[in-house]
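Below: one structure, written as structure tokens.
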Amino acid sequence: MNMNKHILTKLISKIGRSYSVSLSPMGKYGQPTEWTHPHIINKGEVNKGVQKSEFRARREKLAESLMANKISFKTGPGGDKHLMILPAAKRQYMVDKIPYFYRQDTDFRYLTGCLQPDTVLVMEFAKDWSKSVLFCKESTAYDEKWEGARIGYGEAVEFLGVDEASPISSLEDYLYNFQKLNPKLDIWYDYMEPKNHDIHKVMLNFIQQTNTINNIDSPRPALHNLRVIKSPAEVSLMRTSCAVGAESMKRTISKSKELSTEGQFLASVEFEARMLGANFLAYPPVVAAGNNSNTIHYIASTSHVQPSDLVLMDAGCEFHGYASDITRTWPAGGSFSDPQRSVYEAVLDTQQRLIHSIVPGVTTIDGLYRDMQDILGKNLQNIGLIDPNEEKYLHARTHGFCPHHVSHYLGMDVHDCGKASKKQPLLPGMVITVEPGLYIPAGNGSVDSMFRGVGCRVEDDVLITEDGVEVLSAGCPTSLQELESLIA
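For the sequence shown, this note's numbering begins at 32 and goes up steadily by one.
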């Protein structure tokens, strides 16, 4: 049994299982715990698969990293103490009191495991010392009637493992009092790209009225450099997310002849993902039939699907905080036409050669893009989409057919760790996508008419290992023969 099948078998076996657990501690947690949700959270975990001790270690590593960055790049005397302020995501509303689904800021979740709004993590630290304080808003009886319980102060310390917890209304007083005791202070706060405007107002007032702050900088670059290397627990969650995403897409492909609209294909992949244990889809999926596939971010999903169409589906799921991102292109009717086959083979060959070329510690994401232009460019010459004699402007011509990057980091966010460099060598524990595409709009009069309206992308999720790579999304086939057999 391969790894993906093993993961899926374990997931499916849990459906309908009864659990015998000890009595839940009397407390307010506001999110799944080992006592309230033993089918999700195991003993000692804060989030699925991640122990309380790992969250503490992450906070300690961040403090060490920020101290090291300050020592490396400071131009003057550093502060005696450091203070990092990281707010949770703010709840957003569609209209009046109707909220959008709440998704936590991933940097905040990475450091705390807290899944609730109206919370702020503050870390006090200096050389060889750190303390974490969670500012939160306890729920009232009225709140609980409408929205359920929020985490309490004692529960934040006990369950999340922070050192202290305080009311969020006391944050501003805390900042001023801390600054009076520590006038030479370095502040780590993302003031250029604030995620929570209520907390940002508090921070701006504090910064403007304090003239002894030594330095203000964002913690996110250092945080993303930590996040980009996945721990064993995170790799396990990524394996499951990608296995579920791949299987849900495979099942949808197999039902192609039963589905007649893009919306039905979308509904199928979401249904299958949730039935396999995903929390939800990781992003609005692209489900594009025929010429719609040439709109790279097409998410309308309103068109009818013809048997002669290629269907391009870019969809992934989120499994307890970790995302998959998979794209397959296949013939709705079960058979590739000759032009579709030529385009698909050009893209698939490019993708497979890029994956096989990855050398840990050497290859970079930006380097993969340059290699993609070389490989795809030559493949396009071979099938007649680019003049075989074109050399000088081959990359520019290739860019016209594939205008997007070929890879990005993947993890808690679909486009993960945006502050991490794409020029750094790929290291064990990193997860990336490899996703070449080829887009030929129906109105492109510069190519043979048989290719017009054909769009194609193939994307897999790849874990960098000590000696190579592991394709986490291999559970959904990419070969022409397997795809056609799946639909037949």
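Built from N, CA and C at the ideal position, the CB exists for glycine as well.
In the DSSP annotation of this structure, residue 230 is not part of any beta strand (DSSP E); the continuous alpha helix (DSSP H) holding it starts and ends at 228 to 239. Counting only residues of its own chain and dropping the five nearest sequence neighbours on each side, residue 364 has a CB closer than 7 Å to the CB of 338, 339. Linking residue 226 to residue 75 through their CA atoms gives a straight-line distance of about 30 Å. Nearest to residue 379 by C-alpha distance, out of 169, 253, 491, is 491.
Counting along the chain, residue 486 sits inside the beta strand (DSSP E) bounded by residues 485 to 488. Straight-line measurement puts the Cα of residue 161 at about 34 Å from the Cα of residue 70. Between residue 264 and residue 96 the beta-carbon gap is near 19 Å, outside 8 Å, which marks them as no contact. Within the region 367 to 413, the complete alpha helix (DSSP H) runs of at least 4 residues fall at 369 to 388, 396 to 413. Taking all protein chains shown into account, residue 224 has fewer than 16 neighbouring C-beta atoms within 10 Å of its C-beta and is therefore exposed.
About 7 Å separates the Cβ atoms of residue 142 and residue 86, confirming a contact at the 8 Å cut-off. Residue environment analysis places residue 353 among the buried positions, since at least 16 neighbouring C-beta atoms fall within 10 angstroms of its C-beta.
Here residue 344 is bridged, per DSSP, to 318, 359.
Between residue 307 and residue 262, the beta carbon gap of about 24 Å keeps them out of contact (Cβ cut-off 8 Å).
Taking 8 Å as the cut-off, the Cβ atoms of residue 445 and residue 313 count as close.
Contact between residue 291 and residue 336 holds, with the beta-carbon distance rounding to 6 Å and staying under 8 Å. Residue pairing by DSSP places residue 495 opposite 500 in a beta bridge. Below 8 Å, enough C-beta pairs join the region 486 to 504 and the region 454 to 462 to call them touching: three or more. Counting C-beta atoms within 10 angstroms of its own C-beta, residue 123 has fewer than 16 neighbours from the protein chains shown and is therefore classed as exposed. Looking at the DSSP output, residue 433 bridges to nothing. Residue 142 carries a helical assignment under DSSP once its states are collapsed to helix, strand and coil. By the criterion of a C-beta distance shorter than 7 Å, residue 297 is surrounded in its chain by 316, 318, 332, once the five residues flanking it on both sides are discounted.
DSSP places residue 160 within a strand segment (E or B) once states are collapsed to three. Within its own chain, the residues whose Cβ lies closer than 7 Å to the Cβ of residue 441, once the five positions on either side in sequence are excluded, are 354, 356, 447, 462, 463, 464, 492, listed in chain order.
Positions of the beta strand (DSSP E) runs, each at least 3 residues long and wholly inside the region 186 to 212, are given as 195 to 198 in order along the chain. By the neighbour-count definition (other C-beta atoms within 10 Å, threshold 16), residue 369 is an exposed residue. Here DSSP, grouped into helix, strand and coil, assigns residue 215 to coil. DSSP lists 219 as the bridge partner or partners of residue 248. Shown here for residue 443: same chain residues with a beta carbon closer than 8 Å to its own, the five before and five after excluded, namely 137, 140, 141, 258, 352, 353, 354 in chain order. Between the alpha carbons of residue 473 and residue 327 lies a distance of about 14 Å.
By a beta-carbon distance limit of 8 Å, residue 507 does not contact residue 374. Their separation comes to about 19 Å. Closest by C-alpha distance to residue 518, out of 116, 210, 213, 361, is 361. Taking the Cα positions, residue 229 is about 19 Å away from residue 247. Per DSSP, the beta-bridge partners of residue 349 are 311, 354.
Where residue 470 is concerned, the enclosing beta strand (DSSP E) starts and stops at 468 to 471. When the beta-carbon positions are compared, residue 304 and residue 273 stay at least 8 Å from each other.
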